[in-house]
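Q: Everything in the sequence shown is counted per the numbering used here, starting at 1 for the first residue and increasing by one.
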Amino acid sequence: MSFNLYLILFIVLGFWGVMNYLSPFLKDRGVEVAGFTLLWRTKKFMGVIDNLSKKFGKFWDYFAKFGIIASLFGCSYIIYFLFNEALKMARTSKPQPVATLVIPGVTIPLWYGLIGIITLVIVHEFAHGIVARRENIPLKSVGAGIFIALPLAFVEPEEEEMKKASPWARIKVYGAGSTANFALGFIALLFLISLNPMITADGIEINSVQEDMPAYGVLEKGMIIYEVNDIAFQNITEFSDIMSKFKPGDKIALETNRGVKEIVLTENPEDPTKGHIGILIKPHLTTKYGSFLLPVYFSLYWISMLNINIGLINLLPVPPVLDGGKIVKELMEMKVSKRVSNTISAVLAVVSISLVVIAFFPKILVII
1 MSFNLYLILF IVLGFWGVMN YLSPFLKDRG VEVAGFTLLW RTKKFMGVID
51 NLSKKFGKFW DYFAKFGIIA SLFGCSYIIY FLFNEALKMA RTSKPQPVAT
101 LVIPGVTIPL WYGLIGIITL VIVHEFAHGI VARRENIPLK SVGAGIFIAL
151 PLAFVEPEEE EMKKASPWAR IKVYGAGSTA NFALGFIALL FLISLNPMIT
201 ADGIEINSVQ EDMPAYGVLE KGMIIYEVND IAFQNITEFS DIMSKFKPGD
251 KIALETNRGV KEIVLTENPE DPTKGHIGIL IKPHLTTKYG SFLLPVYFSL
301 YWISMLNINI GLINLLPVPP VLDGGKIVKE LMEMKVSKRV SNTISAVLAV
351 VSISLVVIAF FPKILVII
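Here is the structure:
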């Protein structure tokens, strides 16, 4: 692991050590700490949820019904997608990850990642709460918290009242969270598309340099590369196409914002016949309309990306952890006995978790 990752782990472990030590003091102030989870419960925002559920009642009723369809489609799609990708991996000797762990500051940008995650959890949980109130299910509390290093928000319906509600009412509540994430994700995507004409790709930016690779000590994080051997490119795809033509041992000249840098390529770990620099890159974007547009653009990108993709993952049939599992279990219990439902749910959970592990496995190996 890199030094930065060790530093992050040290800070995170230190923070949780302090929080657990202070847990008796924090508990008296309504904050619960257990292991790597911190939860703050309150009744302050319950009035806001009640008002929203009453003020736009008809909208939320239609939203909840649509949420059932959207959730079932999302559940089917994410299983199909992961299964299809698993088959592709089985056919290749060099499988590539189809998903990455969401760790702000490590696998995704820190601030944009946090913006995306915060909007995701707030919209998700408020949707659960609003639909619960539309179904006359009272709320016990709302709150916020942290799990390891990720922000949380939650809405707690009264457990006994939730059990008394009809199966379709519970399904509406479970499906509301991911449906709200999809709605926010696609709205952000529309705004993102509207900004595309104002944004121009201009080379690539180095996100990090891998140790013991040719670029180490020559290139640095933040450098912008415009040309390879006097061949200009604009985006990552064009850069990758150019680099695919080089072999180990080839010497290349990179035109950067800090002058020309020469590098002798080594073997690509994934294909020994290809040359390898040893850098992680991202697009370098520019705009004619002021630098303020770029933070807006990247914020919208991560809001869209995280809401849609995590919304889908949440619909995997893994009860009782994910909403998709709860929905599938409720539907099965309408038709079969609880014993049969539990058995089928367990099989679906094992299959789903296996597909997720296959999708993430190459990336997990890289991080370890």
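C-beta atoms are modelled at their ideal positions from N, C-alpha and C, and glycine is treated no differently.
Could you tell me how far apart the beta carbons of Asp50 and Arg133 are, in whole angstroms, since I believe they sit closer than 8 angstroms?
A: Here residue 50 is taken as the residue at index 50 of the sequence shown, counted from 1. Here residue 133 is taken as the residue at index 133 of the sequence shown, counted from 1. With 8 angstroms as the limit, Asp50 and Arg133 qualify as a contact, their Cβ atoms being about 6 angstroms apart.
Q: Check for me: the beta strand (DSSP E) holding Glu238 runs from which residue to which?
A: Working through the sequence shown from its first residue, we reach residue 238 at position 238. Element bounds for Glu238: not the beta strand (DSSP E) but the alpha helix (DSSP H), 236-243.
Q: For Ile48 and Phe126, I'd like the C-alpha separation in whole angstroms.
A: Numbered from 1 along the sequence shown, position 48 holds the residue referred to as residue 48. Numbered from 1 along the sequence shown, position 126 holds the residue referred to as residue 126. Before going further, note that residue 48 is Val rather than Ile in the sequence given. Rounded to whole angstroms, Val48 to Phe126 spans 10 angstroms at the Cα level.
Q: Considering only residues of the same chain and omitting the five flanking positions on each side of Asp61, which have a CB-CB separation below 8 angstroms?
A: On the sequence shown, position 61 is the one that residue 61 refers to. The residues are Arg134.
Q: At what residues does the alpha helix (DSSP H) containing Leu58 begin and finish?
A: Position 58 of the sequence shown, counted from the start, is the residue given in the question as residue 58. The sequence shown places Lys at residue 58, not Leu. 57-90 is the span of the alpha helix (DSSP H), which, as asked, contains Lys58.
Q: Just the Cα atoms here: how many angstroms apart are Val366 and Pro269?
A: Walking along the sequence shown from the start, residue 366 turns up at place 366. Walking along the sequence shown from the start, residue 269 turns up at place 269. Because the pLDDT of Val366 is 42, which lies under 50, any placement of that residue in the model is unreliable, and the question is left without a value.
Q: Can you list, in chain order, the residues of its chain with a C-beta nearer than 8 angstroms to that of Pro214? Leave out the 5 residues immediately preceding and following it.
A: Sequence index remark: in the sequence shown, residue 214 carries index 214 (1-based). For Pro214, where only same-chain residues beyond five positions count, the Cβ hits under 8 angstroms are Ile263, Val264, Leu265, Thr266, His276, Ile277, Gly278.
Q: Would you tell me roughly how many angstroms separate the C-alpha atoms of Ile199 and Asn257, rounded to the nearest one?
A: Within the sequence shown, the letter at position 199 stands for residue 199. Within the sequence shown, the letter at position 257 stands for residue 257. Going from the Cα of Ile199 to the Cα of Asn257 covers about 20 angstroms.
Q: Leaving out five residues on either side along the sequence, give the residues of the same chain with a beta carbon under 6 angstroms from the beta carbon of Ile368.
A: Walking along the sequence shown from the start, residue 368 turns up at place 368. Any reading at Ile368 must be qualified, since the residue scores a pLDDT of 39, below 50, and its modelled position is unreliable; the value itself is stated next. Cβ neighbours of Ile368 beyond the five flanking positions: none.
Q: Please determine if the segment 351-361 and the segment 311-329 are in contact, where contact requires at least 3 C-beta pairs separated by less than 8 angstroms.
A: Contact holds: three or more Cβ-Cβ distances are below 8 angstroms.
Q: If we call anything under 9 angstroms between Cβ atoms a contact, is Leu72 one with Ile327?
A: Numbered from its first residue, the sequence shown carries residue 72 at position 72. Numbered from its first residue, the sequence shown carries residue 327 at position 327. It is a contact, given that the beta carbons lie within the stated cut-off.
Q: From the DSSP output, which residues share a beta bridge with Gly14?
A: On the sequence shown, position 14 is the one that residue 14 refers to. Bridge partners of Gly14: none, in fact.
Q: Return helix, strand or coil for Asn229, following the three-state DSSP convention.
A: In the sequence shown, residue 229 corresponds to position 229, counting from 1. Annotated three-state conformation of Asn229 is coil, per DSSP.
Q: How would you write the range of the beta strand (DSSP E) that Thr287 sits in, first residue to last?
A: For the purposes of this step, residue 287 is taken as the residue at position 287 of the sequence shown. Residues 279-287.
Q: List the endpoints of the continuous alpha helix (DSSP H) containing Arg133.
A: Your numbering for residue 133 matches position 133 in the sequence shown. From DSSP, the alpha helix (DSSP H) with Arg133 extends over 110-134.
Q: For Phe154, report the span of its beta strand (DSSP E) as first-last.
A: Position 154 of the sequence shown, counted from the start, is the residue given in the question as residue 154. Residues 150-157.
Q: Are there 16 or more other CB atoms within 10 angstroms of the CB of Tyr112, so buried, or fewer, so exposed?
A: Against the sequence shown, residue 112 aligns to sequence position 112. Burial call: buried.
Q: Can we count Lys58 as close to the ligand NAP, meaning its CB is less than 8 angstroms from some heavy atom?
A: The ligand NAP is not part of the structure shown, which contains no ligands of any sort.
Q: Check for me: the alpha helix (DSSP H) holding Lys329 runs from which residue to which?
A: Residue mapping note: residue 329 aligns to position 329 of the sequence shown, counting from 1. For Lys329, the enclosing alpha helix (DSSP H) starts and ends at 323-333.
Q: At the level of alpha carbons, what is the spacing between Tyr120 and Leu306?
A: Looking up residue 120 in the sequence shown gives position 120. Looking up residue 306 in the sequence shown gives position 306. At residue 120 the sequence reads Leu, which differs from the Tyr that was named. Between Leu120 and Leu306, the C-alpha separation is close to 7 angstroms.
Q: For Leu355, which of helix, strand or coil comes out of DSSP?
A: Reading the sequence shown from its first residue, position 355 is the one you call residue 355. Residue state, collapsed to three classes: helix.
Q: Helix, strand or coil, according to DSSP, for Lys363 in the structure here?
A: Position 363 of the sequence shown, counting from 1, holds the residue named residue 363. For Lys363, the pLDDT reaches just 47, beneath the cut-off of 50, and the residue's location in the model is therefore unreliable, although a value from the coordinates is still provided. Correct three-state label for Lys363: helix.
Q: For Phe10, does the count of other Cβ atoms within 10 angstroms reach 16, so buried, or fall short, so exposed?
A: Here residue 10 corresponds to residue number 10 of the sequence shown, with the count starting at 1. Under this definition Phe10 is an exposed residue.
Q: So, do the segment 293-306 and the segment 186-198 have three or more beta carbon pairs nearer to each other than 8 angstroms?
A: yes
Q: For a test of the three-state rule: what should DSSP assign to Val48, helix, strand or coil?
A: Translated into the one-based positions of the sequence shown, residue 48 becomes position 48. Val48 falls in the helix class under three-state DSSP.
Q: With the cut-off set at 9 angstroms, would you say Gln234 and Leu280 are in Cβ contact?
A: In the sequence shown, the residue the question calls residue 234 occupies position 234. In the sequence shown, the residue the question calls residue 280 occupies position 280. Remark: C-beta atoms of Gln234 and Leu280 do not approach each other more closely than 9 angstroms.
Q: Counting only the same chain and skipping the five closest in sequence on each side, list residues whose C-beta sits under 8 angstroms from that of Phe246.
A: By one-based count along the sequence shown, residue 246 stands at place 246. Within the same chain, Phe246 has close Cβ partners Ile252, Leu265, Lys274, Gly275.
Q: Is Lys282 near Glu205, with beta carbons less than 9 angstroms apart?
A: Locating residue 282 in the sequence shown gives position 282, where the first residue counts as 1. Locating residue 205 in the sequence shown gives position 205, where the first residue counts as 1. Result yes, Cβ atoms of Lys282 and Glu205 sit closer than 9 angstroms.
Q: Could you name the residues of the same chain whose beta carbon sits closer than 8 angstroms to that of Asp250, not counting the 5 residues immediately before and after it, in chain order?
A: As a working note, residue 250 is residue 250 in the sequence shown. Result list for Asp250: Val264, Leu265, Gly275, in chain order.
Q: Please report the straight-line C-alpha distance between Met334 and Leu195, rounded to a whole angstrom.
A: The residue given as residue 334 occupies position 334 in the sequence shown. The residue given as residue 195 occupies position 195 in the sequence shown. Cα to Cα, the separation comes out at about 47 angstroms.
Q: Got a sec? Which residues, its chain only, sit under 6 angstroms from Met1 by beta carbon, not counting five neighbours each side?
A: As a working note, residue 1 is residue 1 in the sequence shown. Note that Met1 has pLDDT 49, beneath the 50 cutoff, so the model's placement of it is unreliable and the number below is only indicative. If we look at Met1 and ignore the five residues flanking it on each side, it has no Cβ neighbours.
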